[in-house]
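See below for the structure under consideration.
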Amino acid sequence: MEVAITIVAKVAEYTISPIGRQLGYLFCYKSNLNELSKKFEKLEEVKESVQHLVDAARNNGEEIERGVLNWLRTVNEISEEVKDFQGNVRHARAGSSTPARYKAFESREKILNEILEALKDSNANMIGVYGLGGLGKTTLVKDIARKAQEVKLVDMVAMTIVTQKQDVHKIQKEIADILGMKFEEASEFVRAARLHERLKQEKNVLEILDDLWEGIDLRKIGIPFGGDHEGCKVLLTSRREEVLSNQMVTRKDFLLGVLPEEEDLELFKEMAGLDQDLMENSELLFTATEVAEKCAGLPIALVTVGKALRNKSLFEWRDAL
């Protein structure tokens, strides 16, 4: 057992180094975030394998090598770093890390209003939002959900996060929880039928499926749409337009782009704690502008870097470049 653990851990060493390096490539965000996600996923898979072997060895009363335990500890630390960096946009709480002022930016308000108008279109029963990871798609659709209810466009909203590994049972359960339903049936088909009938009881409902990596069968989940229930609108988000337009056959799609230059600098200054007095320092202003430009208009990068440089010296700011 110890030999197996050591071998797996040794192989996994080749995964740790790229992960560590990838975290240092923040300013090359566009080209590196996907690579980071891939390496992180592989690392998590290897960690799980090692952990299973360790648990089995402990159950057999075997002693675990110190190197293996140190490896697991290192991987756990890296995992936390990666999750913090990503802001975990795949989860519903992802949007909360973005400041309230970001939501009021003109570029975001414009697309929010355009999507609300699209939701009023009786022919647009399925709408998509696409864009790079870290742009704030989750934040946007949560704002749309709130606004749609405020203006009485819909009576209720059911939002769930799909992620790369689609789990129909999890999605069904999350929707059921929002609807106040309890599932005791083990059959996916029966759960889908019950959800379908329950959602059809709602006159106007907005179903949000966030973070689609590939198409998903709404019927398997139990979501009525189109002629089956014209009062049910489906709002989807994905990093790839083809997932929405080709696989899900959405009626309207909206691109969420990077923040314009003036908005990304505003967000960055807020995150870095740069008030008006500090910005009177022309050297600091110049450096801050350069750093913000490196973030390429990506909110998650602006927030992460801004917070990291908060209360830091000008030397440390220059070093970030």
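Per UniProt numbering, the very first residue in the sequence shown carries number 1; after that it's consecutive. We put the beta carbon where it would ideally sit given N, CA and C, even for glycine.
Assignment of alpha helix (DSSP H) within the UniProt domain "AAA+ ATPase" (123 to 262), counting only whole runs of 4 or more residues, yields 137 to 150, 168 to 179, 188 to 200, 218 to 221 in chain order. The beta carbons of F105 and E263 sit closer together than 8 Å.
Minimum Cα-Cα distance from V162 among the listed residues V190, I216, D143 corresponds to I216. Under the DSSP assignment, E283 falls in the alpha helix (DSSP H) whose first and last residues are 282 to 294. Rounded to whole angstroms, N70 and Q164 show a C-alpha spacing of 29 Å. Taken through DSSP and simplified to helix, strand or coil, S107 comes out as helix. Closest in C-alpha terms to A148, from the list N204, M271, A193, comes N204.
Contact check for T237 and L212: beta-carbon distance about 7 Å, within the 8 Å limit, so the pair qualifies. Residue state for R73 is assigned as helix, using DSSP reduced to three classes.
I208 and S49 have their alpha carbons spaced roughly 34 Å apart. Following the DSSP letters along the chain, one finds I300 inside the alpha helix (DSSP H) bounded by residues 299 to 309. Counting C-beta atoms within 10 angstroms of its own C-beta, R310 has fewer than 16 neighbours from the protein chains shown and is therefore classed as exposed. In this structure, the beta-carbon distance from L302 to L274 does not fall below 8 Å. 8 Å or more divides the Cβ of L244 from the Cβ of I221. The residues T287, in chain order, have a CB closer than 7 Å to that of R318 in the same chain once the five nearest residues on each side in sequence are set aside. Rounded to the nearest whole angstrom, the C-alpha separation of L179 and A124 is 24 Å.
A direct Cα-to-Cα measurement between E109 and L235 gives close to 17 Å.
Collapsing the DSSP output to three states places D275 in coil. If the five residues before and after L259 are omitted, its C-beta is found closer than 6 Å to the C-beta atoms of G297, all from its own chain and listed in chain order. Rounded to whole angstroms, R240 and L140 show a C-alpha spacing of 16 Å. A straight line joining the alpha-carbon of V305 with that of V82 spans about 14 Å. Nearest in C-alpha terms to E117, of all of L153, V129, R146, is L153. Distances from the CA of I115 to each of I144, K137, D228, A158 were compared; the closest alpha carbon is that of I144.
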